[in-house]
Amino acid sequence: VKRIRERCDIIIQAGMSSYPIEERAPDFHAKPDMISAILNHHDEHFTEMTVNQIHDLDELEQYCITCEKYDIKPEWEVWHIGSYWNLNYLIEKNLLKAPHVLTLFFNWPGGTWSPPTADEYLHRIKYMPENCLHTISVMGEEQTKIAIMSIANGGNVRVGTEDYPFLKERVPAKDNAEIVLRMVNISKEMGRETADPSEARKILGL
């Protein structure tokens, strides 16, 4: 984090949300701008690894308290509608400051899987609590379709080789920058300019 900040003013967000909070002390001590936290049970299945981790309300409360202590903004991962119940619980306990930053996940394999479809996206934003900013993360070739919907509905887009490492079917990207540039161009074609880091900090409440 220190070395990145010496070179540029990019917003820095720390993972991994699958780990229990007790194992993420180095993330907090590094004092990034943001830290990822999942709002529900973590259940992912990959070729060489399966992740199952409970994140109960006590842990989520501890995320809020620890983020406040270190002046770090939580980025909440939303894998299904039940995530919103937990988020509202934290909001009602006055543990969070708006805006609430969410990433909505689609088509990630495992027990928290959800379909990368228009109706699933619209269902997810229909029940979103007030004062939320949302980003979508889609694994698979449906990414562009859901990204366009998010851009059209005032949302944002997460892209990169972890989510979908192709520019289009069977055409792998050279690197993350090429994937990001493609999405920037799509956004501009739709009339949505991208924010620079200082503008993004204001939007996110950093």
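Residues in the sequence shown are numbered from 3 upward in steps of one, following the numbering used here. Every residue, glycine too, gets a C-beta built ideally from N, C-alpha and C.
Since residue i is in the beta strand (DSSP E), which residue starts that stretch and which ends it?
i      : result
THR105 : 102-108
PRO76  : 75-80
ILE83  : It is not in any beta strand (DSSP E) - ILE83 carries neither H nor E in the DSSP assignment.
LYS138 : Note that residue 138 corresponds to Ile in the displayed sequence, not to Lys. ILE138 -> beta strand (DSSP E) spans 134-140.
Output yes or no for whether 7 Å exceeds the beta carbon distance between residue i and residue j.
i      : j      : result
LEU106 : LEU98  : no
TRP110 : MET141 : yes
VAL80  : LEU41  : yes
VAL134 : HIS102 : Just to set this straight, residue 134 is Cys in the shown sequence, not Val. Yes, the Cβ-Cβ distance between CYS134 and HIS102 is below 7 Å.
TRP87  : LEU104 : no
ILE153 : ARG194 : yes
PRO131 : LEU62  : no
PRO118 : GLU144 : yes
PRO199 : ASP11  : yes
Tell me the residue span of the alpha helix (DSSP H) that contains residue i.
i     : result
ASN42 : No alpha helix (DSSP H) holds ASN42; DSSP gives it neither H nor E.
HIS31 : 27-32
Answer with buried or exposed for residue i, where buried requires no fewer than 16 other C-beta atoms within 10 angstroms of its C-beta.
i      : result
ASP177 : exposed
ALA2   : Only positions 3 to 208 of the chain appear in this structure, which leaves residue 2 out of reach.
ALA100 : exposed
Problem set entry | Complete runs of the alpha helix (DSSP H) confined to the stretch 162-201 [at least 4 residues] | 178-191
Exercise. Is the number of C-beta pairs between the stretch 151-170 and the stretch 183-200 that are closer than 8 Å three or more?
Worked result: yes
For this session: Say whether the stretch 25-45 touches the stretch 8-17, bearing in mind that this needs 3 or more beta-carbon pairs closer than 8 Å, one atom from each stretch.
Result: yes
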